[in-house]
Amino acid sequence: MTRLDRYVFRAAATAFIGTLVVLAGMIWVTQALRELDIMTTQGQTILAFVFITSLALPALILGLAPAALFMAVSHTLFRMNSDSEIVVASAAGISTVRFLRPLLVLALIVAALCTALSMELVPAALRQFRYEISRVRADVVAFIAQPGRFTPLADGMVFNVRERNASGVLGGIFINDARNPNEVSTYLADRGQVVDSPEGTFLILEDGAIHRRTTGKPDSNVVEFQRYAFDLSPFTSGADNTVYRAPERSFRELLNPDPNDPAFQRDPGRFTEEIHRRLSLPLYVLAFFGIACAALAEPRTTREGRGLALAATAPFVIVLQVTSFGLINQVRNNPDIVPFVYLVPVVFLIGSILSLSGRFKPRMPKAMALYIDRMAQRVVRATVN
């Protein structure tokens with residue numbers, strides 16, 4: 001790379017990374033708050049919370065990378081036009097295509113990284129996220145053994161423990177089982193301990209009583225016991241029998257699914273949709289890049305021209321984004337539209353190339369251009385005054 005290439009590439013790459021980090025961070029915070037119960041009700045540490053929620057970051061980065069690239073390239077070209085750097089480069093004999101070479105390298109790198117993420121890293125992170133959530137929620141001891149807290153194990157069942165010592169023995173146990181509204185059982189025990197066995201997970205209660213109340217009867221039955229095994233197996237959810245969804249499968253599994261796979265038997269079209277979503281992603285990355293370059297790569301000397309060019313990209317970006325989502329979601333039920341999934345970004349790429357070559361110039365309607373220009377002038381006057 002020449003010094004100019006390094007300068008342009010560094011400016012665009014810095015803008016891309018900054019935009020991606022800010023967008024991913026903002027969305028990650030909102031998503032992480034949805035899993036706040038990992039700490040509040042599951043008894044996990046802040047480190048476990050950060051680790052588990054961070055597993056969603058690769059998927060966020062994958063979804064935001066095309067938009068971040070578009071914004072970074074648009075910002076870079078707009079700023080260089082504002083500083084007359086593109087004008088000076090053009091006057092020095094550097095063609096638009098030559099000036100865009102480092103930006104094209106950045107776009108190819110982003111497309112390659114998105115491909116790598118979508119093929120293996122994102123599915124692996126989603127599988128690990130599913131496993132960690134299942135593991136945390138299957139940790140019965142951490143879930144129920146929170147002294148002083150009334151913890152719901154299931155609809156109609158509440159668990160409370162007064163204390164828990166260092167050896168894992170629970171003291172002052174209260175369990176209210178109202179899953180069957182016709183017969184409510186309340187378990188009281190001085191102490192107990194969770195035990196895992198080949199038959200399942202049990203809470204061994206010692207020195208307690210069971211109070212059973214039946215609907216329509218004024219009195220309750222009381223059964224005292226010295227030892228009683230309360231079955232916790234229905235409330236544990238191991239990850240061994242997890243059926244992973246199509247976005248959580250590796251690309252190899254999508255191409256060669258097991259015919260007996262429950263997820264594939266239930267919705268084989270979802271696998272086809274996910275295959276073409278991943279294969280077409282690099283084309284959409286390049287299409288977003290092409291729109292930004294076609295609108296802002298040419299030398300412009302007036303502020304109005306740059307603003308209108310940037311505003312003119314909005315309809316193309318919206319159409320491309322909406323069309324991509326619409327087509328991909330229809331592949332599941334209509335495989336005949338698969339070619340259009342790849343044709344749409346190719347059309348935008350060809351249109352961008354023709355625009356850069358001067359053979360095709362999409363123009364904003366004159367009335368809209370005049371309206372935007374008047375609005376811009378009004379804002380400038382109001383700002384100056």
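FYI, in UniProt numbering the residues of the sequence shown are 1 to 385.
All C-beta atoms, glycine included, are put in the ideal place defined by N, C-alpha and C.
Quick caveat, the model's predicted, so the values are computed rather than measured.
Can you give me the start and stop residues for the beta strand (DSSP E) that D177 sits inside?
-> L170 to D177
For the alpha helix (DSSP H) containing L60, list its first residue and its last residue.
-> L57 to S82
N- and C-terminal bounds of the beta strand (DSSP E) containing residue 404 = The requested residue 404 is not part of the displayed model; the chain covers only 1 to 385.
Close beta carbons around V338, own chain, < 7 Å, minus the five adjacent residues each side = H276 and V331
Environment of V341 [buried if 16+ CB atoms lie within 10 Å] | buried
Could you give the distance in angstroms between the alpha-carbon of R374 and the alpha-carbon of R245?
-> If I take the Cα positions, the gap works out to 52 Å.
Given 8 Å as the limit, is there contact between the stretch 64–75 and the stretch 20–33, that is, 3 or more CB pairs closer than that?
-> yes
Alpha carbon to alpha carbon, what distance is there between L47 and S233?
-> 28 Å
Could you check where the alpha helix (DSSP H) with I94 kicks off and where it finishes?
-> Unbroken run through I94: none, as it is neither H nor E.
Give a yes or no on whether the C-beta atoms belonging to F348 and L310 are separated by under 7 Å.
-> no
Simplified DSSP assignment, three categories, for N165 = coil
Determine, using beta-carbon pairs with one atom in the stretch 271–291 and one in the stretch 154–172, whether at least three such pairs fall under 8 Å.
-> The stretch 271–291 vs the stretch 154–172: no contact.
Which residue from Q193, G192, S90 and N176 puts its Cα closest to that of M186?
-> Residue identity check: residue 186 is Thr in the sequence provided, not Met. Among Q193, G192, S90 and N176, the Cα nearest to that of T186 is on N176.
Indicate the three-state DSSP secondary structure (helix, strand or coil) for I17 in the structure shown.
-> helix
Going by alpha carbons, who is nearest to H75 out of L103, Y371 and A92?
-> Residue L103 is the option with its Cα nearest to H75.
Is the beta carbon of R191 less than 7 Å from the beta carbon of V169?
-> yes
Could you have a look at M157 and say whether DSSP puts it in helix, strand or coil?
-> strand
Okay, do the stretch 86–98 and the stretch 249–257 touch, 3+ Cβ pairs below 8 Å being the bar?
-> no
Would you identify the three-state DSSP class for V243, choosing helix, strand or coil?
-> coil
Which two residues bound the contiguous alpha helix (DSSP H) that contains F225?
-> Going by DSSP, F225 is part of no alpha helix (DSSP H) but of the beta strand (DSSP E) stretching over S220 to D231.
Closest by C-alpha distance to F174, when choosing among G63, E183 and L205 | L205
Would you tell me roughly how many angstroms separate the C-alpha atoms of G326 and P345, rounded to the nearest one?
-> 13 Å
Leaving out five residues before and five after P259 in sequence, what residues of the same chain have Cβ atoms less than 8 Å from its Cβ?
-> Q265
C-alpha distance - F16 paired with Q377, whole-angstrom precision | Annotation: F16 to Q377 spans about 31 Å, alpha carbon to alpha carbon.
How would you label I291, buried or exposed, when you count the other beta carbons within 10 angstroms and need 16 or more for buried?
-> buried
With a Cβ-Cβ cutoff of 7 Å, do residue 393 and M80 count as a contact?
-> Nothing about residue 393 can be read from this structure; the chain reaches only from 1 to 385.
Is it the case that the Cβ atoms of A111 and V243 are separated by a distance below 7 Å?
-> no
Simplified DSSP state of A209, which is helix, strand or coil | strand
For T100, which of helix, strand or coil comes out of DSSP?
-> In the sequence as presented, Thr is not what sits at residue 100; that position holds Leu. Here L100 sits in coil by DSSP.
How is T323 classed by DSSP in three states: helix, strand or coil?
-> helix
Have a look at A263 and L153 and give me their C-alpha separation to the nearest angstrom.
-> 28 Å
Buried versus exposed call for R179 [16 or more other C-beta atoms within 10 Å across all chains shown] | Exposed, since its Cβ has fewer than 16 Cβ neighbours within 10 Å.
Taking the alpha-carbon positions, what's the I133 to F225 distance?
-> 36 Å
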